[in-house]
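First residue of the sequence shown: 0, per numbering that gives the first Met the number 0; consecutive thereafter. The beta carbon of each residue, even a glycine, is placed where N, CA and C say it ideally should be. Predicted model, so just to flag it, every value in this text is computed and none were measured.
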Amino acid sequence: MNQQGRRQGGHGHAVASCTEKTQQILGGYVSYFVWSDELSVGNAFIDSDHQMLVDYINQLHEAMAKGHGKEILGKILDELIRYAKEHFQREEDHMKSIRYADFASHKQEHEIFIKEVSDLHAKFSAGNAMLSVRVSKFLKDWLVNHIMKLDRKLAAASR
Ligand SMILES: [Fe+2]
Ligand SMILES: [Fe+2]
């Protein structure tokens with residue numbers, strides 16, 4: 000119905016409409032997070048790291064859907080956080096190597112994410128929070144938005 004994804008306007012338009020389209024694809028309540036070319040930023044190491052993150056989010060989603068217990072969910076969340084940290088470090092090292100102008104604000108978004116997910120993990124481990132589909136949706140939404148805005152901009156600056 001919405002054909003905005005094809006619009007070839009200025010950069011702002013193109014980014015915003017891709018995000019809308021991707022979110023429509025991802026919008027289903029129990030749907031898995033399907034990698035699509037729209038999520039590609041056109042940089043090999045960044046894209047393959049993002050595919051791994053998508054994979055971790057799906058593992059978490061699947062474990063929740065199957066009603067797995069705290070131990071398994073906690074483990075997957077641990078791995079997801081560990082991998083996200085590694086990925087962010089790789090992007091930040093890359094930003095430094097190209098003397099990227101938006102380094103500080105991009106790094107800050109990474110840090111906020113790690114803090115939020117770590118807080119969630121701590122609450123979950125302490126028995127003060129449930130992991131639900133809302134959590135995997137939050138992870139998906141964050142990743143899609145971050146990729147479409149900041150990581151795209153970084154990849155474009157790397158060319
Ligand atoms: Fe990033
Ligand atoms: Fe990234």
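What did DSSP end up calling Trp-34 once you bin it into helix, strand or coil? coil
Could you check whether Phe-44 and Arg-98 sit closer than 8 Å to each other, using their CB atoms as the reference points? no
Given this structure, state the Cα-to-Cα distance separating Ala-125 from Lys-69, to the nearest angstrom. 10 Å
Output yes or no for whether 8 Å exceeds the beta carbon distance between Glu-108 and His-145. yes
Of the listed residues Ile-111, Trp-34, Ala-103 and Gly-66, nearest to Ile-56 (C-alpha basis): Trp-34
Distance cut-off 7 Å: Glu-70 Cβ against heavy atoms of ligand 2: no
Give me the residue from Phe-123, Asp-118 and Phe-32 with the minimum Cα distance to Gln-58. Phe-32
His-145 beta carbon near ligand 2 (any heavy atom closer than 7 Å): yes
How long is the line joining the alpha carbons of Lys-139 and Glu-115, rounded to whole angstroms? 14 Å
Run the CB neighbour count on Arg-158, radius 10 Å, all protein chains shown included, and call it buried at 16 or more, exposed below. exposed
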